[in-house]
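Single-structure report; data block below.
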Amino acid sequence: MPRIDDIIDRVGKAKYFSTLDLTKGYLQVPVAKKDQPKTSFATPFGLYQFTVMPFGLKGAPATFQKLMDCVIRGSESFVSAYLDDIIVFSESLEEHAEHLERILLRLREAGLTAMPQKCTFGTDHCSSTRT
């Protein structure tokens, strides 16, 4: 897991910021068929298994972070991901548009979606508070 202070240090001289919040983070990650029995739970209505990675699964945070690290690999100079929160940072607006396009394409290729109402684009600051 990346350390927040390391992320803040990497932002450096950036003047433009975009933040992306992935829609229902873990629930976008399918559980392999062979691993689904490990997620079983019983209810009065029967036995069920998750087909997507639920919150609360022991290895879920590490697995999700590993996925995000793969998605942003090669772009660490202008993007950082902490679980389902992504920050894109750039020194110029032109560069920022290129960086955003690259990351959004990578997210699409990975089958991940962001929640537009919780994203910010091209601002001159970013906030660490979550809503």
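Going letter by letter, the sequence shown gives residues 1 to 131 in the UniProt record's numbering.
Glycine included, every Cβ here is placed at the ideal spot set by N, Cα and C.
Note that the structure is predicted; figures quoted are calculated from it, not measured.
Shortest Cα-Cα distance from G25 to any of C119, F121, A114, C126 involves A114. In this model, D69 and H125 are separated by some 24 angstroms (Cα to Cα).
For T43, the enclosing beta strand (DSSP E) covers residues 41 to 43. At least 8 angstroms separates the beta-carbon of E91 from that of A32. Ranked by Cα distance from T120, the first of V88, L93, F45 is V88. Annotation for F78: V88, F89, S90, H99 place their beta carbon closer than 7 angstroms to its own, counting only its chain and skipping 5 residues before and after.
Runs of the alpha helix (DSSP H) spanning 4 or more residues and lying entirely within the UniProt domain "Reverse transcriptase" (1 to 131) occur at 4 to 11, 60 to 72, 93 to 109, in chain order. Inter-residue distance for G56 and A110 is about 22 angstroms (C-alpha atoms, whole angstroms). For the 8 angstroms CB-CB criterion, Q65 and L83 form a contact. For R106, the CB contacts under 8 angstroms within the same chain, skipping 5 residues up- and downstream, are V71, I72, S75 in chain order.
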